[in-house]
Amino acid sequence: MSKNETPFPADFLWGGAIAASQAEGGFDEGGRGLSTSDMVPYAKQTDYVDLAAHMSRSEASIREAIGHPGSEGYPKRYGIDFYHRYAEDIELFAELGFKTFRMSISWSRIFPNGDDAQPNEEGLAFYDSVFDELNKKGIEPLVTMSHYDMPIKLSLEYGGWKSRKVIDLFVRYAETILNRYRGKVKYWLTFNEINTTIIEPYTGGGLIAERENNLLEASYQAVHHQFIASALATRAARSIDPASKIGCMLARMIHYPATSDPDDVLAAQLENQLNLLHTDVQVRGAYPAIAKRYFADHHIKLKMEAGDEEILRENTVDFISFSYYTSLVAAADPGKYGVTGGNLYSTIKNPNLPVTEWGWHLDPVGLRVVLKEFYDRYEVPLFIVENGLGAVDTMQADGTVEDDYRIDYMRRHIEQIGEAIRDGVDVMGYTLWGAIDIVSASTSQMSKRYGVIYVDQGDDGRGTLDRSRKKSFGWYKNVIATNGAELE
Ligand code: BG6
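Heads up, the sequence shown is in this note's numbering, so the first residue is 599 and it goes up one at a time.
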């Protein structure tokens, strides 16, 4: 293959991704209600190897946060002020040549309490403006309906997604936005990283851990309700706009066995089966066989209603989207090994891999493994909607950020996507996570930066909020312009 040949198809969707709760800000503007993510305070990186532990919230901490005036100490409440600066940001995305831009809608901007009789027109109008701006620039919006934020009332008063009543409230929200943005938005994702409801039940499902006797059972019940809600939203999307394409979204947590000992292999296999349980339900339309034994072993009795199985079977997704940052390691006896950080939870350290400043394994080849495995298992199009490097960037005196480490990360991952495409995998697109610096989901840090666009704001929220181009900006722009042919 010559230097200028690319494995990427001509219609490959290159772009970037953010989430409302980490970028938008304006938490008390435009009629928006408080959400679960508004309750997660800032934490210094060194305080938490186990990120999920920090994201989990007690009822007392939620009530304290609700009483906390303003946004100091709660960076997700101000984000990077995308709420007011979206036009400027989209201008930069257009300069990068983005074909698509992944963002989420804040549920509590549309239904401030979650169970309001009418949607909030000001919130609906805000997203009209954003989508119009994107469409004007020829950038296809890719919209997540729920990305780690639900109206706080649904968490506190309904018990989050454990309550079956939340299904109807979500479906009404989904129908509202599907109708409103018909013709403006073609690509939809229902729940961001749906497996987070099991890993961190507050973040993913609005569950308050101390209220549950069997938290694992409550979490699987919550995710079951999300599966049903997602299937019903998929059905609604198809009837409202037959041209729309709906995907599920999984945090792919690939586990390697710590050794070739069959017991370690079995431990890793179970982790992978449980991770893929979510895509099994949303793509194949049914729970995998392993669920029965796993649920019995963990005293999990799912409450299913008549018709649930049919809803899941008949409304499977069009494509799988997923995040991939790192790989993990499993062992029959994990206590024997050292640990390191990871997305959402820590893991056994893999001696073959370097780690990021936050301790996450750097494993580009793992992305190829994941792509091939997904495609072998499901044979549906795949969309990498999150991948990127969280790093501390230093702005030089002349205003430049020399982020060669980020270029290296992206190059090595994009190369592996190219290899997977050559292996025969159908990949629809790639959206760089946090293409513009945003507040971190786990620690609410601003100093953990993922972007090719720098945002002048510190962990304490101070700064001009000016946007500037990092070195990686020019590099990614050229990758997109050459459709992945030039990665040097
Ligand atoms: C994913 C989430 O799990 O990881 C994002 O979908 C998040 O919302 C990303 O930002 C990176 O995690 P963090 O904690 O570094 O922001």
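Note that beta-carbon positions come from the ideal geometry of N, C-alpha and C, so glycine has one too.
Computed from a predicted model, the values in this text were never measured in an experiment.
Restricting attention to Val1053, Met748, Glu738, the CA atom closest to the CA of valine 783 is found in Glu738. According to DSSP, threonine 938 shares a beta bridge with Thr945. Per DSSP, reduced to three states, the secondary structure at serine 633 is strand. Under the three-state reduction of DSSP output, histidine 959 falls in the strand class. Between the alpha carbons of isoleucine 678 and isoleucine 1036 lies a gap of roughly 6 angstroms. The beta carbons of leucine 987 and threonine 1029 sit no closer together than 8 angstroms. Approximately 42 angstroms separates the beta-carbon atoms of glutamate 815 and lysine 697; this is outside 8 angstroms, ruling out the contact.
Nearest neighbour of glutamate 773 by Cα position, chosen from Asn711, Asn913, Arg833, turns out to be Arg833. Judged by DSSP secondary structure, phenylalanine 699 falls within the beta strand (DSSP E) whose first and last residues are 698 to 702.
Excluding sequence positions up to five before and after aspartate 862, its CB lies within less than 8 angstroms of the CB of Pro855, Ala856, Ala928, Ala929, Ala930, all in the same chain and listed in chain order. Straight through space, the alpha carbons of leucine 767 and glycine 802 are spaced by roughly 16 angstroms.
Between serine 925 and glycine 957 the beta-carbon gap is near 13 angstroms, outside 8 angstroms, which marks them as no contact. Here DSSP, grouped into helix, strand and coil, assigns methionine 1008 to helix.
Here the C-alpha atom of serine 921 lies approximately 24 angstroms from the C-alpha atom of glycine 1072.
The stretch 990 to 1070 is shown to contain whole alpha helix (DSSP H) runs of 4 or more residues at 1002 to 1020, in chain order. Between alanine 831 and tryptophan 759, the gap from beta carbon to beta carbon reaches 8 angstroms or more. Within the stretch 812 to 889, the complete beta strand (DSSP E) segments of 3 residues or longer fall at 843 to 849, 853 to 855, listed in chain order. Only buried fits glutamine 880, as 16 or more other CB atoms lie within 10 angstroms of its CB. Where glycine 614 is concerned, the enclosing beta strand (DSSP E) starts and stops at 611 to 615.
The alpha helix (DSSP H) runs lying completely inside the stretch 675 to 728 and spanning 4 residues or more are 680 to 694, 705 to 708, given in chain order. At least one heavy atom of ligand 1 falls within 7 angstroms of the beta-carbon of lysine 1046. Non-local C-beta neighbours of phenylalanine 972 in its own chain, meaning closer than 7 angstroms and more than five positions away in sequence, comprise Ile918, Leu980, ordered along the chain.
The alpha carbon of glutamate 686 has as its nearest neighbour, out of Ser727, Pro717, Asp714, Ser654, the alpha carbon of Ser727. For tryptophan 1031, the shortest separation between its Cβ and any heavy atom of ligand 1 lies below 7 angstroms. The beta carbon of leucine 848 sits no closer than 7 angstroms to any heavy atom of ligand 1. Valine 983 carries a strand assignment under DSSP once its states are collapsed to helix, strand and coil. Taking C-alpha positions only, serine 1042 is separated from serine 669 by approximately 12 angstroms.
A Cβ-Cβ distance of about 6 angstroms is found for the pair serine 1066 and glycine 997, placing them in contact under the 8 angstroms criterion. As far as DSSP is concerned, phenylalanine 893 takes part in no beta bridge.
Residue pairing for tyrosine 785: DSSP places it in a beta bridge opposite Leu740, Lys843.
Secondary structure at leucine 926: strand, using DSSP grouped into helix, strand and coil. In the three-state DSSP reduction, serine 659 falls in the helix class (H, G or I).
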